[in-house]
Amino acid sequence: MNYKLITTIVLLAVTLATKAQDVLYNNGSILQVNAGCVIQVNGNLTNTAVSTLTNNGTITLTGNITNNQVMATANAGTLEFKGSTAQMLNGAVTYFANNILLNNAAGFTLNTTLKCDGIATFTNGIVTAAPTTTPLIFTTNGSVTGTSDASHVNGYVVKEGTGNFAYPVGNGSKYQPCDVNLSANATGMQVKYNTTDAGVGTFTKNGTEATSLVAYNGLENWNITPQSTATGTVTMYWDAFKNLGIANVNDLKVARKLGTDWLNEGTIGTGNTVAGSVASNSISNWGIFTLGSINATSTLPVKITSYELRITNEKQVTNYWTTSSETNSKNFEVQRSPDGRNFAIIGTVTAKGFASDYSFVDEKPLTGVNYYKLKQVDNDGKFAYSDVRTVNFKPQTLNISIYPNPAINVINIKGLTTNKNNIIIIDIVGKVVLQLNSTTQQSISITNLKAGAYFIKINNENTIKFIKE
38 MNYKLITTIV LLAVTLATKA QDVLYNNGSI LQVNAGCVIQ VNGNLTNTAV STLTNNGTIT
98 LTGNITNNQV MATANAGTLE FKGSTAQMLN GAVTYFANNI LLNNAAGFTL NTTLKCDGIA
158 TFTNGIVTAA PTTTPLIFTT NGSVTGTSDA SHVNGYVVKE GTGNFAYPVG NGSKYQPCDV
218 NLSANATGMQ VKYNTTDAGV GTFTKNGTEA TSLVAYNGLE NWNITPQSTA TGTVTMYWDA
278 FKNLGIANVN DLKVARKLGT DWLNEGTIGT GNTVAGSVAS NSISNWGIFT LGSINATSTL
338 PVKITSYELR ITNEKQVTNY WTTSSETNSK NFEVQRSPDG RNFAIIGTVT AKGFASDYSF
398 VDEKPLTGVN YYKLKQVDND GKFAYSDVRT VNFKPQTLNI SIYPNPAINV INIKGLTTNK
458 NNIIIIDIVG KVVLQLNSTT QQSISITNLK AGAYFIKINN ENTIKFIKE
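If you're matching positions, the sequence shown starts at 38 in this note's numbering and goes up one per residue.
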């Protein structure tokens, strides 16, 4: 049922939960949700510019929000996204919420700014905040809980105020946070995670530490940019996802890119070669950050510069990838999934140990969408994953025919499209009486076959009955 509000609605009861509405459209009225009250919308919520929405309770919805009313943090309440299909936040102005509950595996897209003045609880689902103009903003009081690979922000996050904040960022499949601890922050600090190479450059001594870097992580970076001015430290983390080849954690530094230069911003890593962190010195210059090294023995990852999929021969999917450098690399596992979550190994390619081009053919792709990724394995057992690639495979059905039928001495096959075809002839009791490989046009002698019924089977797919006279 659709409801258009034309009068004032005030929910007063301390624990009142309203009857669920399919669509809630507020156009010029006052919608007030008092403390302890819950309004549930099993659909979309629209609040126009001439309306008043005051939420001191909880708004739970399964659809989208469109808000054009200028709101205030003082009356923000709790906003719960609880749908089963992808949800969106739309509107021309910032939407304020005290607490935000995110629990939708299908995810959420911010088409306008969402501002959190309390706790954002990440339970399930990815928040997409792609443009810089529609970030998820946390006020001075804002905080985060529950982040994981299954629930984080793929896009821009802004934090206002000072103190330490763990930015809940990742790439949509892997949670890759960084911490920023600010002693001064004029407006807000914005962070976005990227699974790209920030680019080669000159290792200089212009950072907060005089020792020059000798390597940087070319598989990932964080764009950390204040909206005005800020001073503080950055903490980078490493794990098996995008960091390989670490020999000594004391070699690891926070690397910052300035133009075409890579700078050493300190300090000394803590943890072990599998997982740990390193914090920078206090800095007031910002930009692109990643993990750096001052020792050539801690060379950081194999760099996969390209990875793509192509349908070949109408019935295969070929994985192509290129590396720009390799050190201590053992092999690449090619993994495939039908759903983007459950991956299985379908092949292994030995690493060459230097910048190389690779390929792997999946001879039996799944019908429909196939998800592929590479697992690069180091000689000491460490590993890292590539980004996921997808291809929609629709197998081509061969239009095969044979003639003459019935036949006496020869049958001809028409419609073969490749030079590699497996052809078998089976008698009426299922015994294979003839097997051969073919060219695109094939004539098969059946002189030695006894008279009777037979089946010809091509590539284990097309089966045609014929009669030998």
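For each residue, glycine too, the CB sits at the ideal point set by N, CA and C. Note that the structure is predicted; figures quoted are calculated from it, not measured.
- prompt: By Cβ distance below 8 Å, which residues in the same chain neighbour Y357 in space, the five residues on each side in sequence not counted?
  reply: Only residues of its own chain outside the window of five on either side were considered, and among them S343, Y344, E345, L346, R347, D394, Y395, S396 have a CB closer than 8 Å to the CB of Y357, listed in chain order.
- request: Inspect the beta-carbon positions of L82 and N63 and report whether they are closer than 9 Å.
  value: A contact, by the Cβ cut-off of 9 Å.
query: Between which two residues does the beta strand (DSSP E) containing M108 stretch?
result: M108: not part of any beta strand (DSSP E); DSSP gives it neither H nor E.
- request: Would you mind giving the Cβ-Cβ distance between V324 and L295, rounded to the nearest angstrom? I have them listed as a contact below 8 Å.
  value: According to the sequence as given, residue 324 is Gly; it is not Val. Between L295 and G324 the Cβ distance is about 6 Å, and since that is below 8 Å, they are a contact.
Neighbourhood of T165 by C-beta distance below 6 Å, restricted to the same chain and skipping five residues each side: Take T165, set aside five residues on each side of it, and the residues of its chain with a beta-carbon closer than 6 Å to its own are T146, N191, G192, in chain order.
- prompt: Within 10 angstroms of its Cβ, does Y440 collect 16 or more other Cβ (buried), or is it exposed?
  reply: The residue is exposed, with fewer than 16 neighbouring Cβ atoms inside 10 Å.
field: V78 versus N161 - alpha carbon distance
entry: Cα-Cα distance, rounded: 19 Å.
- prompt: Where V47 and A72 are concerned, what is the direct C-alpha to C-alpha distance, given to the nearest angstrom?
  reply: In this prediction, V47 has a pLDDT of 38, which is less than 50 and means its spatial position is unreliable; what the coordinates show is noted afterwards. V47 and A72 have their C-alpha atoms roughly 11 Å apart.
- prompt: Just to confirm, does L328 get its C-beta within under 8 Å of one of the non-hydrogen atoms of the ligand FMN?
  reply: Judged by which ligands are present, the structure shown has none, so any question about the ligand FMN falls away.
task: Please report how far the alpha carbon of A267 lies from the alpha carbon of G244, in whole angstroms.
output: Cα to Cα, the separation comes out at about 17 Å.
query: Does the beta-carbon of P172 have 16 or more other beta-carbons within 10 angstroms, so that it is buried, or is it exposed?
result: P172 comes out buried.
task: Given a cut-off of 9 Å, decide if L403 and R373 are closer than it, judged by their beta-carbon atoms.
output: Taking 9 Å as the Cβ cut-off, R373 and L403 qualify as a contacting pair.
Completely contained beta strand (DSSP E) runs for the region 398 to 438, where each covers 3 or more residues: For the region 398 to 438, whole beta strand (DSSP E) runs of length 3 or above, ordered along the chain, are 405 to 415, 420 to 422, 426 to 430.
query: Excluding sequence positions up to five away, which residues of its chain have a Cβ less than 8 Å from the Cβ of N27?
result: Only positions 38 to 506 of the chain appear in the structure, and residue 27 is not among them; the question remains open.
query: Measuring CA to CA, which of E351, I156, P375, N416 is closest to N365?
result: The shortest C-alpha separation from N365 is found at N416.
- request: Would you list the residues sitting across from C215 in a DSSP beta bridge?
  value: As computed with DSSP, C215 is found in a beta bridge with Y204.
- request: Flag this pair as touching only if the region 215 to 226 and the region 268 to 275 have three or more C-beta atom pairs under 8 Å; answer yes or no.
  value: Short answer: they touch.
- request: Would you mind sorting N258 into buried or exposed? The rule is 16 or more other CB atoms within 10 Å of its CB.
  value: N258 is buried by the Cβ-count criterion.
- prompt: Under the DSSP definition of a beta bridge, which residues are partnered with Q77?
  reply: DSSP output for Q77 lists T97 as bridge partner(s).
query: Are the CB atoms of G128 and N105 nearer to each other than 9 Å?
result: Closer than 9 Å, so yes.
message: My output table needs one value for D376: the three-state DSSP class, helix, strand or coil.
response: Coil at D376, not helix or strand.
message: Please state the DSSP three-state secondary structure of D186.
response: When DSSP states are grouped into helix, strand and coil, D186 belongs to the coil group.
message: Within a Cβ cutoff of 6 Å, which residues of the same chain sit near T184, ignoring the five residues on either side of it in sequence?
response: F159, P205, Y212, listed in sequence order.
- prompt: Residue range of the beta strand (DSSP E) that I174 falls in?
  reply: 173 to 175 is the extent of the beta strand (DSSP E) around I174.
- request: Note down, in chain order, each residue of its chain lying with its Cβ closer than 8 Å to the Cβ of N135, except the 5 sequence neighbours on either side.
  value: The beta carbon of N135 lies closer than 8 Å to those of T110, A113, G114, T115, C153, D154, G155 in the same chain, with the five residues before and after it left out.
message: Which same chain residues end up closer than 7 Å to E400 when comparing Cβ atoms and leaving out the 5 residues on each side of it in sequence?
response: Cβ neighbours of E400 beyond the five flanking positions: Q353.
- request: State the Cα-Cα distance for the pair F118 and Y230, rounded to the nearest angstrom.
  value: F118 and Y230: Cα-Cα distance of roughly 24 Å.
- request: Pick helix, strand or coil for D288, following the three-state DSSP scheme.
  value: Residue state, collapsed to three classes: helix.
task: Please work out which residues of its chain come closer than 7 Å, Cβ to Cβ, to T360, disregarding the five sequence neighbours upstream and downstream, and give them in chain order.
output: Once the five neighbours on either side are set aside, the close Cβ partners of T360 are V339, K340, I341, T342, A392, S393.
- request: For E506, collect the residues of the same chain with a Cβ closer than 8 Å to its Cβ; drop the 5 residues on either side in sequence, then sort them by chain order.
  value: Result list for E506: P443, A444, I445, A488, in chain order.
- prompt: Skipping 5 residues on each side, what residues in its chain have a beta carbon closer than 8 Å to that of K468?
  reply: Taken in chain order, the list of residues that qualify is empty.
CA-to-CA distance, Y408 to P375, given in whole angstroms: In this structure, the CA atom of P375 is about 6 Å from the CA atom of Y408.
- request: With a threshold of 16 other CB atoms inside 10 Å of the CB of I305, please say whether the residue is buried or exposed.
  value: Burial state of I305 is exposed, judged by a 10 Å Cβ sphere holding fewer than 16 other Cβ atoms.
task: Mind reading off the beta-carbon distance from F240 to V251? Whole number of angstroms is fine, and I expect it under 8 Å.
output: Between F240 and V251 the beta-carbon gap is near 6 Å, inside 8 Å, which marks them as a contact.
task: Tell me whether A54 sits in a helix, a strand or coil according to DSSP, three-state version.
output: Caution is warranted here: a pLDDT of 46 is assigned to A54, below 50, making its placement in the model unreliable, and no coordinate value can be reported.
query: With G80 and G100 assumed to form a contact (beta carbons below 8 Å), what rounded beta-carbon distance in angstroms separates them?
result: Rounded, the Cβ-Cβ distance is 4 Å, consistent with contact.
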